[in-house]
């Protein structure tokens with residue numbers, strides 16, 4: 001175990017705890033704890049959305065795929081960049097404004113119930129259950145990634161590594177809620193960005209020129225330079241379809257809801273998209289430069305390309321900081337998902353179903369209790385990395401994207417949409433993803449989010465049109481929202 | 001062997017959309033910022 005790397009990690013983790021403590025002092029009520037009192041500045045919202053979106057995949061999976069297979073892996077990054085941009089462009093402003101008009105909704109289930117005036121509680125309960133199940137498993141899967149990183153870097157026992165990582169994340173999330181999560185995400189996002197700029201540039205400097213990298217890849221296999229190599233149209237569509245997932249990810253949508261005003265969104269969008277595109281470029285180029293750098297001694301595990309380059313090219317102090325970027329990518333996703341679960345329990349189950357008149361102190365207490373409970377459950381699943389429960393995570397991105405994405409978009413743009421339409425869309429979208437994933441061959445090889453998204457949209461529109469128009473209250477709320485947004489008003 | 005330079009041109013088709021979204025973000029930042 002390298003002392004310099006270890007010390008850098010410890011300082012980094014203490015920094016995260018410090019932010020948690022700072023946020024704790026500024027957290028007064030449930031809106032503060034769940035949504036930071038809707039006071040996020042554009043830059044924090046942007047980087048927080050980016051960092052919580054990009055998990056360890058950005059520093060491990062994507063460079064690894066590029067290193068192993070070459071340029072045809074860029075399609076997924078292209079799809080993600082387009083999806084994220086469209087989400088910021090068309091959903092962010094509207095969702096920020098509508099959630100405030102719809103009885104100051106602070107979670108997605110809360111918003112859906114208030115948007116459609118659903119007194120049956122069905123929309124809230126079903127969407128909250130989906131969030132709870134999948135984010136607990138998502139969190140657990142992230143913890144496995146973090147523990148494996150600790151295990152490999154410091155030779156720590158897996159179980160010890162799991163608890164160390166979990167205790168830090170839970171501590172700052174428990175203390176400071178959304179503010180702590182957003183601010184830690186902000187710093188983690190900066191760290192990830194710097195690491196993804198520095199590592200490929202230094203690798204390139206070591207190689208001498210870009211040509212060296214290009215020729216090394218070409219000499220290994222000319223196909224590595226071709227983005228269309230071994231790619232069918234369906235394959236490209238499938239990879240790009242990952243971008244559709246953005247419209248339904250509750251932890252990313254929460255950032256839109258928390259921005260301090262609609263006027264901040266253009267700035268947040270610019271920062272968020274620039275961060276994402278440069279980070280993706282850096283990540284891909286790290287893998288690509290790795291082909292040349294490790295040409296004579298190929299890596300056994302392609303996913304370690306970023307990690308190995310940092311250890312080979314930098315002194316241990318700098319390597320420690322760069323390795324902390326991997327931990328940042330993992331932690332910033334886990335903390336956001338943990339908090340979404342906690343807010344779902346406090347707002348959508350406890351307050352909505354059990355204690356309507358619960359005060360702020362009580363709700364914040366329940367939220368904190370929920371953070372610990374969900375984390376313990378996630379640690380339990382993660383303690384056995386081979387657990388079959390964790391395989392459910394494969395459904396999560398597509399599941400959220402297909403079940404919530406079209407529902408959220410249509411609810412923000414279409415007055416005629418009804419509660420039953422939303423319900424049908426959610427069920428059809430989720431089921432399509434599950435069924436499509438079991439099938440294979442030809443069209444069924446398409447990533448399941450695409451059919452799920454289409455079927456969900458059709459179900460939302462079809463069932464809405466077949467039924468009676470939405471209630472008077474829901475329609476006038478939509479008209480008010482639309483009018484205010486057009487007038488550029490920020491507050492109700 | 002295929003020339004690396006020629007095959008690199010195909011990168012344009014996937015990298016250009018990524019740069020395009022950055023450019024669009026810059027443009028919309030200036031246009032929407034001036035909204036009343």
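Protein chains in written order, with our numbering: chain L, 1 to 492; chain F, 1 to 36. Ideal Cβ placement from N, Cα and C applies to all residues, glycine included. Predicted model only: the values in this text are computed from it and were never measured.
Residue 317 of chain L sits exposed, since fewer than 16 C-beta atoms from the chains shown fall within 10 Å of its C-beta. Approximately 12 Å separates the beta-carbon atoms of residue 398 of chain L and residue 138 of chain L; this is outside 8 Å, ruling out the contact. Assignment of alpha helix (DSSP H) within the stretch 353-391 of chain L, counting only whole runs of 4 or more residues, yields 360-382 in chain order. The beta carbon of residue 19 of chain L sits closer than 8 Å to those of 172, 176, 180, 183, 184 and 187, all from its chain and outside the five residues before and after it, given in chain order. Across the structure, residue 475 of chain L and residue 244 of chain L are spaced so that their CA atoms are roughly 28 Å apart.
For residue 23 of chain F, the uninterrupted alpha helix (DSSP H) segment begins and ends at 12-33. Neighbours of residue 274 of chain L across chain F, judged by C-beta separation under 7 Å: 22 and 25.
Of all alpha-carbon atoms in L/441, L/483 and L/400, the one lying nearest the alpha-carbon of residue 449 of chain L is that of L/400. By the C-beta density criterion, residue 84 of chain L is buried, having at least 16 other C-beta atoms within 10 angstroms.
Secondary structure of residue 60 of chain L (DSSP, three-state): coil. Listed as beta-bridge partners of residue 40 of chain L by DSSP are L/259. Note on residue 370 of chain L: 16 or more other CB atoms within 10 angstroms of its CB, so buried under the neighbour-count rule.
Put simply, of L/52, L/150, L/3 and L/25 the residue whose alpha carbon is nearest the alpha carbon of residue 254 of chain L is L/52. A direct Cα-to-Cα measurement between residue 86 of chain L and residue 344 of chain L gives close to 26 Å. Under the three-state reduction of DSSP output, residue 296 of chain L falls in the coil class, being neither helix nor strand.
Looking at L/200, L/58 and L/114, the one whose alpha-carbon comes closest to that of residue 473 of chain L is L/114.
The Cβ of residue 414 of chain L sits no closer than 8 Å to any Cβ of chain F. Minimum Cα-Cα distance from residue 408 of chain L among the listed residues L/94, L/73 and L/260 corresponds to L/94. Chain F has a Cβ within less than 8 Å of the Cβ of residue 71 of chain L. Around residue 156 of chain L, the same chain offers 150 as residues with beta carbons nearer than 7 Å, after the five sequence neighbours per side are excluded. Collapsing the DSSP output to three states places residue 285 of chain L in a helix.
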